[in-house]
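*Asks:* In terms of UniProt numbering, the sequence shown has 113 at position 113, counting the first letter as 1, and numbering is strictly consecutive.
Quick reminder that beta carbons are idealized off the backbone N, C-alpha and C, glycines included.
Computed from a predicted model, the values in this text were never measured in an experiment.
Sharing a structure, written as C-alpha cells. Questions coming.
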Amino acid sequence: MATVELTTANFDEVTGRDGIVLLDFWADWCGPCKRFAPVYERSSEKHPDIAFGKVDTEAQQELAAKFNISSIPTIMAIRDGVIVFAQPGALPESALENLIEQVQALDMDDVRKKLAEHNH
Numbered sequence: 001m002a003t004v005e006l007t008t009a010n011f012d013e014v015t016g017r018d019g020i021v022l023l024d025f026w027a028d029w030c031g032p033c034k035r036f037a038p039v040y041e042r043s044s045e046k047h048p049d050i051a052f053g054k055v056d057t058e059a060q061q062e063l064a065a066k067f068n069i070s071s072i073p074t075i076m077a078i079r080d081g082v083i084v085f086a087q088p089g090a091l092p093e094s095a096l097e098n099l100i101e102q103v104q105a106l107d108m109d110d111v112r113k114k115l116a117e118h119n120h
C-alpha cells in the first residue's frame with residue numbers, strides 16, 4: 001500500500017482502525033523530510049498490511065498543532081488507535097524497519113493496562 005495523504009477530513013478514519021498506522025509529519029520546504037520520503041515510500045511498499053500516512057504540516061496546521069509537532073519530520077506510530085511512538089527526525093531505512101518490528105511485537109493488552117495505570 002502506498003502512502004496516504006492525511007487531512008483533518010480523513011485522519012480519524014485512517015488512524016482509528018485496528019492495526020498499525022505510521023505517520024510522517026512533513027513539509028515541502030523541509031530538506032530532511034524530502035530525503036526521508038523515498039525511505040518511507042519503500043517501507044510502505046514492503047509492508048502492505050500497515051497504513052502509511054503523510055501529514056503536510058503546512059496544509060494541515062490543525063493536525064500538527066493537535067500533536068504538538070514542533071520539529072519535522074516527525075514519525076509517529078499508532079497501533080489499534082493508541083499512539084505507541086512519536087519522535088522527530090528522519091530515520092534511516094534500517095531504523096524504520098526496526099521500529100515497525102517493535103510496534104508489531106507490542107502486547108497491546110499490556111500497553112492499554114499501562115496507559116490506564118498512568119492515567120489514574
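Check the C-beta distance from V39 over to L115 and give it rounded, since I have them as a contact under 8 Å.
*Replies:* Incorrect: roughly 30 Å between the Cβ atoms, too far for contact.
*Asks:* Hey, would you say residue 126 sits closer than 7 Å to T74, going by beta carbons?
*Replies:* A question about residue 126 goes unanswered here, because the residues of the chain that appear run from 1 up to 120.
*Asks:* Could you have a look at Q87 and say whether DSSP puts it in helix, strand or coil?
*Replies:* Q87 falls in the strand class under three-state DSSP.
*Asks:* Out of L106, H120, N119 and A27, which one is the CA nearest neighbour of I72?
*Replies:* Closest by alpha carbon: A27.
*Asks:* Please specify which runs of the beta strand (DSSP E), each continuous and at least 3 residues long, are wholly inside the stretch 49 to 82, giving them in chain order.
*Replies:* Correct list: 51 to 56 and 74 to 79.
*Asks:* Which whole-angstrom value describes the C-beta separation of T8 and Q60, a residue pair presumed to lie in contact below a C-beta threshold of 8 Å?
*Replies:* Their Cβ separation, rounded to whole angstroms, is 6 Å, which keeps T8 and Q60 in contact under 8 Å.
*Asks:* How big is the Cα-Cα spacing for K113 and R79?
*Replies:* Their backbone Cα atoms lie some 14 Å apart in a straight line.
*Asks:* Straight-line CA distance for H47 to E117?
*Replies:* Rounded to whole angstroms, H47 to E117 spans 32 Å at the Cα level.
*Asks:* Secondary structure at L115, three-state DSSP: helix, strand or coil?
*Replies:* Residue state, collapsed to three classes: helix.
*Asks:* Put L106 into one of helix, strand or coil per three-state DSSP.
*Replies:* Reduced to three states, the DSSP call for L106 is coil.
*Asks:* So if DSSP puts D24 in a beta bridge, which residue, or which two residues, is it bridged to?
*Replies:* According to DSSP, D24 bridges with K54 and I75.
*Asks:* Could you tell me which residues DSSP pairs with V4 in its beta bridges?
*Replies:* Paired residue(s): G53.
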